Amino acid sequence: MPPLVMALMSILIGVTGCVGYVYFSNLVLDRVIFPASGQTCARNIGRANLVRPWLFLFPALAGSMLYLVFPFAGAFWRSLFDREGDAFIGFANYRALGADHVFQGALANSLLWVLVVPAAATCLGLIAARLTDRLRWANLARAAIFMPVTMSLVGAALIWKFVYANDADIGLLNAIRATLGAAGPLDVLQIPVWNSFFLMAVLIWTQTGFAMVILSAALRAIPREIIEAAIMDGADATQIFLRIEVPQIKGTITVVWTLVTILVLKVFDLVYAMTGGNFGTQVLPGFMMGVMFRDDGRASAVAMVLMILVLPILAWNIGQARKGGD
Amino acid sequence: MADLRLAGIGKSFGAVEILKNINLHIEAGELFVLVGPSGCGKSTLLRMIAGLEQITAGTLEIDGVRMNEVPPARRGIAMVFQSYALYPHMSVRQNMGFALRMAGQGRAEIDAAVTRTAHALQLGSCLDRLPAALSGGQRQRVAIGRAILRDPWVYLFDEPLSNLDAALRVATRIEIAKLKQAMPDRTMIYVTHDQVEAMTLADRIAVLGCKGIAQVGAPLTLYRKPRSEFVARFIGSPAMNLLAGEIVQTGEVTMLRLARGGGSIAALVPTCPGDKGRRVTVGIRPEHMYPTESATHALAARVELVEVLGEVTQLHFAPCRPGGQTVIARLPGIHAGLHGRTLRIAAAPENLHLFAEGRSLLYR
Numbered sequence: 001m002p003p004l005v006m007a008l009m010s011i012l013i014g015v016t017g018c019v020g021y022v023y024f025s026n027l028v029l030d031r032v033i034f035p036a037s038g039q040t041c042a043r044n045i046g047r048a049n050l051v052r053p054w055l056f057l058f059p060a061l062a063g064s065m066l067y068l069v070f071p072f073a074g075a076f077w078r079s080l081f082d083r084e085g086d087a088f089i090g091f092a093n094y095r096a097l098g099a100d101h102v103f104q105g106a107l108a109n110s111l112l113w114v115l116v117v118p119a120a121a122t123c124l125g126l127i128a129a130r131l132t133d134r135l136r137w138a139n140l141a142r143a144a145i146f147m148p149v150t151m152s153l154v155g156a157a158l159i160w161k162f163v164y165a166n167d168a169d170i171g172l173l174n175a176i177r178a179t180l181g182a183a184g185p186l187d188v189l190q191i192p193v194w195n196s197f198f199l200m201a202v203l204i205w206t207q208t209g210f211a212m213v214i215l216s217a218a219l220r221a222i223p224r225e226i227i228e229a230a231i232m233d234g235a236d237a238t239q240i241f242l243r244i245e246v247p248q249i250k251g252t253i254t255v256v257w258t259l260v261t262i263l264v265l266k267v268f269d270l271v272y273a274m275t276g277g278n279f280g281t282q283v284l285p286g287f288m289m290g291v292m293f294r295d296d297g298r299a300s301a302v303a304m305v306l307m308i309l310v311l312p313i314l315a316w317n318i319g320q321a322r323k324g325g326d
Numbered sequence: 001m002a003d004l005r006l007a008g009i010g011k012s013f014g015a016v017e018i019l020k021n022i023n024l025h026i027e028a029g030e031l032f033v034l035v036g037p038s039g040c041g042k043s044t045l046l047r048m049i050a051g052l053e054q055i056t057a058g059t060l061e062i063d064g065v066r067m068n069e070v071p072p073a074r075r076g077i078a079m080v081f082q083s084y085a086l087y088p089h090m091s092v093r094q095n096m097g098f099a100l101r102m103a104g105q106g107r108a109e110i111d112a113a114v115t116r117t118a119h120a121l122q123l124g125s126c127l128d129r130l131p132a133a134l135s136g137g138q139r140q141r142v143a144i145g146r147a148i149l150r151d152p153w154v155y156l157f158d159e160p161l162s163n164l165d166a167a168l169r170v171a172t173r174i175e176i177a178k179l180k181q182a183m184p185d186r187t188m189i190y191v192t193h194d195q196v197e198a199m200t201l202a203d204r205i206a207v208l209g210c211k212g213i214a215q216v217g218a219p220l221t222l223y224r225k226p227r228s229e230f231v232a233r234f235i236g237s238p239a240m241n242l243l244a245g246e247i248v249q250t251g252e253v254t255m256l257r258l259a260r261g262g263g264s265i266a267a268l269v270p271t272c273p274g275d276k277g278r279r280v281t282v283g284i285r286p287e288h289m290y291p292t293e294s295a296t297h298a299l300a301a302r303v304e305l306v307e308v309l310g311e312v313t314q315l316h317f318a319p320c321r322p323g324g325q326t327v328i329a330r331l332p333g334i335h336a337g338l339h340g341r342t343l344r345i346a347a348a349p350e351n352l353h354l355f356a357e358g359r360s361l362l363y364r
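Chain order of the listed sequences is A and B. Counting from 1, position 160 in the first sequence corresponds to residue 160 in UniProt numbering; the numbering is continuous, with no gaps. Counting from 1, position 152 in the second sequence corresponds to residue 152 in UniProt numbering; the numbering is continuous, with no gaps.
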């Protein structure tokens, strides 16, 4: 069977399967289990409506159980075993990680990324959102800022490798340095600590557009009369932005911030493509990938650490979303 | 004290002209109401006075100083918005004190002023609440309090009551009237589409139509001597009835024959001999109509609908042709059993208004 036909077939089966599931499961519920007829008609309708949400939730719940919760539990279990997976060694993998300098470096780098990238991307996005709102060619500016969001991180990494290239004829950065009269080209990706920031710049570049689009929508949702009231009250543009607009979109800022944070904790491809994690730029996902080929138990432990780092942010984000919904 | 002078004010958005050549002099200490149907540009005019809209033609002077280019906060003006426009993330206290904070006043000073004003407006107990936790009336009072705290010479109100329910609207209207009484030297400009608000609050009213200002004057002047059919229909509720007629005799007292009336009736409107035979529109307010047995009457028509309101009874008469203007009469007291009967209606000569080509014959 040609691959195209196979793909079409699977789409067809998938879609009809989903539609069929929703249709027939509701049919069974309404006709067979709690029929809306006879003496218990009203009670049956009520009961059917109590069950119905679960019918819709079931596929998603089953999927996340199968592909998220089960592997998570499995990974945790695996992290308590040795390299071959034969001997139970308790928390020895975690203890070994704690003593591992490479792991400590990667953890420190990951934390640095979490501190810098979401803050920078959200702030720049917010400023871009505010500024482009006043421009006549705002849509063009927005499109330009948003473009990197659509790019794969590996693609972005390749572009920025050119920018950072250790050659004044190729690298923009070194070309600028040469024009300013610096002696020789510099490989910025090899300067310890600073190189991490040059990598972060790439991610900030891609995430600013994302932050801008969402924050721009939030800014536009602020009623015009509130801004006008602030104008009448004598606030200038900066004061209106900082004291009237930003506090009102705090919820959206939080959501953007957490989404970028979660993305940052997962970032692997960017570092892999630009430095391969060398020169002290390694981050946790990259470290995990390296360990994975040698020791599954230890790699699982790294995955657990990553999970624990994301968990509080996730919980807080859901809490914020709940508050916003009320 | 601050008076406002609008000279030749116009507003256009691109090629679309919304307001043209508006000339007004609003006296210091006056409560001036701008009233008109929706979409006639009255809010735009108010926003131009506030400085929120650019003035594209003419000049605005406050207290003799040209204000066209002066930023809103420095015009000595405070505005109460239709939607209240409270800062949703700030407590009542912060909302009311925001302008003072922007002006750089001390914290203790602001707090004292806010507390004083809040108590005067019965907001003392909700100073630390957010606007979302307040009722509509309380929000409106916070918005008014925010304006008062700036202690401006000119207050602007942009349909401040239109988001309140009927009972609250009356109560808040009375509060605004009291507020004005408490500060007789402050000028207030109030925009509304509700002629009852205009009549009850205003020292003077400007009726704004689609072609500009139709008439400016004291409420009762507009009620008694409207310049045009437009003003006549706009001021007063239910609206003035307009009946077709013809002048049969001119002089200090004009005699008219009405299309649906009987005999010739008198109107206390002077006309010149050339007006004889002229077709006119005769305006009679519902409350000036009374039933009569006389052969000389303004209208004879069948009662189509009776609304007994208690203190008055409103009779709706069938229009002369289907789809035509219903004539309404308002009789004091309770009148039952009139439905379906044909009544004769008359009005005193001094209560008749004559219009030709939409303009009153009183003003020519």
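Built from N, CA and C at the ideal position, the CB exists for glycine as well. In this text the structure is predicted, and so the values were computed from the model without any measurement.
Between which residues of its own chain and Ala-295 of chain B is the CB-CB distance below 6 Å, once the five residues before and five after are set aside? Gly-262, Gly-263
Count the other CB atoms within 10 Å of the CB of Tyr-363 of chain B; is the residue buried (16 or more) or exposed (fewer)? exposed
Task: CB contact check: Ala-237 of chain A to chain B, cutoff 8 Å - done: no
**Asked** Is DSSP giving Tyr-164 of chain A helix, strand or coil here?
**Response** coil
For Thr-254 of chain B, does the three-state DSSP call read helix, strand or coil? strand
Whole angstroms is fine: what's the gap from Val-246 of chain A's alpha carbon to Arg-224 of chain A's?
14 Å
Practice prompt. Just confirm the distance between the C-beta atoms of Thr-187 of chain B and Glu-30 of chain B, as a whole number of angstroms; I'd bet it's less than 8 Å.
Written response: 6 Å
Worksheet item: Quick one: is Met-102 of chain B near chain A, going by C-beta distance under 8 Å?
Response: yes
Alpha carbon to alpha carbon, what distance is there between Phe-198 of chain A and residue 376 of chain A? Residue 376 of chain A falls outside the range modelled here, since chain A spans only 1 to 326, and no answer is possible.
Practice problem: Could you tell me the distance, in whole angstroms, from the CA atom of Phe-355 of chain B to the CA atom of Arg-129 of chain B? | Solution: 55 Å
Please list the segments of the alpha helix (DSSP H) lying wholly inside the stretch 40-64 of chain B, counting only runs of 4 or more residues, in order along the chain.
42-50
I'd like to check one pair, Val-142 of chain B with Pro-131 of chain B: are the Cβ atoms closer than 8 Å?
yes
Candidates B:Ala-2, B:Leu-168, B:Lys-42, B:Pro-226, of which the one nearest Phe-157 of chain B by Cα
B:Lys-42
Rounded to whole angstroms, what is the Cα-Cα separation between Arg-93 of chain B and Gln-181 of chain B?
25 Å
Straight-line gap, Val-202 of chain A to Ser-10 of chain A (C-alpha atoms, nearest Å): 38 Å
- Message: Just to confirm, is the Cβ distance from Ile-26 of chain B to Asp-3 of chain B under 8 Å?
- Response: yes
Endpoints, beta strand (DSSP E) assigned at Pro-184 of chain B:
Neither: Pro-184 of chain B is in no beta strand (DSSP E) and is coded neither H nor E.
*Just the C-alpha distance for Arg-5 of chain B and Glu-69 of chain B, rounded to the nearest angstrom, thanks.*
15 Å
Margin query: What does DSSP give as the partner residue(s) for Ser-228 of chain B in the beta ladder?
Written below: B:Arg-359
Q: Report buried or exposed for Glu-350 of chain B, applying the criterion of at least 16 other Cβ atoms within 10 angstroms of its Cβ.
A: exposed
With which residues is Arg-93 of chain B paired in a DSSP beta bridge?
-> BP columns for Arg-93 of chain B are empty, so no partner.
Q.
Determine whether the beta carbon atoms of Gly-39 of chain B and Asn-21 of chain B lie at a separation below 8 Å.
A. no
Rounded separation between Pro-71 of chain A and Ala-299 of chain A - CA only
14 Å
* Residues bridged to Ser-12 of chain B (per DSSP) -> B:Glu-17
Under 9 Å between beta-carbons, which chain A residues line up against Leu-52 of chain B? List them in chain order, please. Glu-228, Ile-231, Met-232
Checking 8 Å against the spacing of the C-beta atoms, do Met-212 of chain A and Phe-146 of chain A come in under that value? yes
What three-state label does DSSP hand residue 368 of chain B in the structure shown? Because chain B spans 1 through 364 in this model, residue 368 of chain B falls outside it and cannot be assessed.
Q. How big is the Cα-Cα spacing for Pro-37 of chain B and Trp-205 of chain A?
A. 52 Å
request  = Using three-state DSSP, classify Leu-127 of chain B as helix, strand or coil.
outcome  = coil
Fill in: Close-in-space but distant-in-sequence residues of the same chain around Arg-47 of chain A (CB under 6 Å, 5 per side omitted)
Phe-34
Quiz item: Taking contact to mean at least 3 C-beta pairs separated by less than 8 Å, is the stretch 47-56 of chain B in contact with the stretch 193-209 of chain B?
Solution: no
task: Answer yes if the stretch 69-80 of chain B comes into contact with the stretch 109-125 of chain B, meaning at least three C-beta pairs across the two stretches below 8 Å, and no otherwise.
output: no
Listed by chain order, chain A residues near Ser-83 of chain B by CB distance under 7 Å: Pro-223, Glu-225
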